[in-house]
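Enquirer: Okay, handing you the structure first.
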Amino acid sequence: EENQKAKAKLLAETRNKETEYQKLLAENLANQKQFDEDLFRLESELRITLDPSLIPSPRRGLLAWPLVNIYITDPFGVRPTRFHKGVDFRASQGTAVKAMLLGTVEGMGNTDEMNAELRRAGKPICGSYGRWILIKHNNGLSSIYAHLSASIVKIGQSLETGEIIGYSGGTPGVNGSGYSTGPHLHVGLLASQGVQIRQFTTSRNCKHISLPIADPKAYLDPLAYLPIL
1 EENQKAKAKL LAETRNKETE YQKLLAENLA NQKQFDEDLF RLESELRITL
51 DPSLIPSPRR GLLAWPLVNI YITDPFGVRP TRFHKGVDFR ASQGTAVKAM
101 LLGTVEGMGN TDEMNAELRR AGKPICGSYG RWILIKHNNG LSSIYAHLSA
151 SIVKIGQSLE TGEIIGYSGG TPGVNGSGYS TGPHLHVGLL ASQGVQIRQF
201 TTSRNCKHIS LPIADPKAYL DPLAYLPIL
């Protein structure tokens with residue numbers, strides 16, 4: 001009888017956790033849709049003139065892979081309801097993330113940092129990139145690494161290609177995961193001249209956070225510069 005009670009309790013707890021998890025996923029997807037709409041409007045208004053001569057031509061192997069084991073889950077490009085501005089890699093929580101090219105840490109932050117306070121106040125949360133790092137390279141490119149569970153660098157720090165900068169995250173509900181539906185690493189590549197770090201004051205849910213924004217023309221396909229698999 002005690003055994004049956006214990007099993008019933010465990011089953012109920014598991015169901016409750018699954019319900020909470022599904023609720024969190026739905027919340028993330030809804031908030032991400034709103035965030036993407038706000039970000040599209042803001043970035044479309046930037047209208048930064050880019051000098052093509054300052055953007056390296058695509059060349060496979062110009063960048064190094066950001067992870068030891070490579071499995072691409074979502075490439076760069078147009079989707080039915082949005083434009084994916086980077087590449088998603090499968091990475092379990094806590095996987096080491098490496099700089100794809102030597103450079104300097106231009107900025108870093110965590111768009112989840114105020115979510116606990118927002119939830120207590122009954123306000124919509126902001127997730128976006130979660131914990132992110134932006135590296136400016138010396139060839140006109142900048143790279144962003146997002147949904148990190150931890151970062152181990154600081155702004156202004158010089159980095160070598162392949163140097164560990166942090167650890168992957170993305171598990172929903174874990175600080176730093178942002179609008180993520182599962183563990184992974186998001187990597188973006190941009191023309192440095194077209195990216196800025198700004199407070200997102202025009203966002204409905206994310207007025208309090210700062211993050212990298214860019215002219216839509218500044219987003220580049222990382223796979224055009226990474227090694228051939």
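To convert, note that position 117 of the sequence shown is 117 in UniProt numbering; the numbers rise steadily by one, no gaps.
Note that beta-carbon positions come from the ideal geometry of N, C-alpha and C, so glycine has one too.
Quantities reported herein were computed from a predicted structural model and do not represent experimental measurements.
(1) Contact between the segment 98-112 and the segment 129-136 is defined here as three or more beta-carbon pairs at a separation below 8 angstroms; is this criterion met?
(2) Report buried or exposed for residue 115, applying the criterion of at least 16 other Cβ atoms within 10 angstroms of its Cβ.
(3) Evaluate residue 35 with the Cβ neighbour count: other Cβ atoms within 10 Å of its Cβ, from every protein chain shown; 16 or more gives buried, anything less gives exposed.
(4) Determine the burial state of residue 13: buried for a count of at least 16 other Cβ atoms within 10 Å of its Cβ, exposed for fewer.
(5) Helix or strand or just coil, what does DSSP make of residue 38?
(6) Nearest to residue 224 by CA position, among 190, 102, 154 and 149, is which residue?
(7) Could you tell me the distance, in whole angstroms, from the CA atom of residue 45 to the CA atom of residue 228?
(8) Between the C-alpha atoms of residue 99 and residue 49, what's the straight-line distance to the nearest angstrom?
(9) Over what stretch of residues does the beta strand (DSSP E) that includes residue 113 continue unbroken?
(10) Tell me which residues share the same chain as residue 104 and place their Cβ nearer than 6 angstroms to its Cβ, disregarding the 5 neighbours each side in the sequence.
(11) Grouping DSSP H, G and I as helix and E and B as strand, with all else coil, what is residue 185?
(12) Which value, in whole angstroms, describes the spacing of the CA atoms of residue 226 and residue 153?
Expert: Answer, in terms of the structure:
(1) Yes, the segment 98-112 is in contact with the segment 129-136.
(2) buried
(3) buried
(4) Only weak support exists for where residue 13 lies, its pLDDT of 47 falling under 50; the value from the coordinates is given anyway. Its Cβ having fewer than 16 others within 10 Å, residue 13 is exposed.
(5) It is helical.
(6) 190
(7) Their Cα atoms are separated by approximately 35 angstroms.
(8) The alpha-carbon atoms of residue 99 and residue 49 are separated by roughly 27 angstroms.
(9) Residue 113 -> no beta strand (DSSP E), and no H or E assigned at all.
(10) 136 and 158
(11) strand
(12) 23 angstroms
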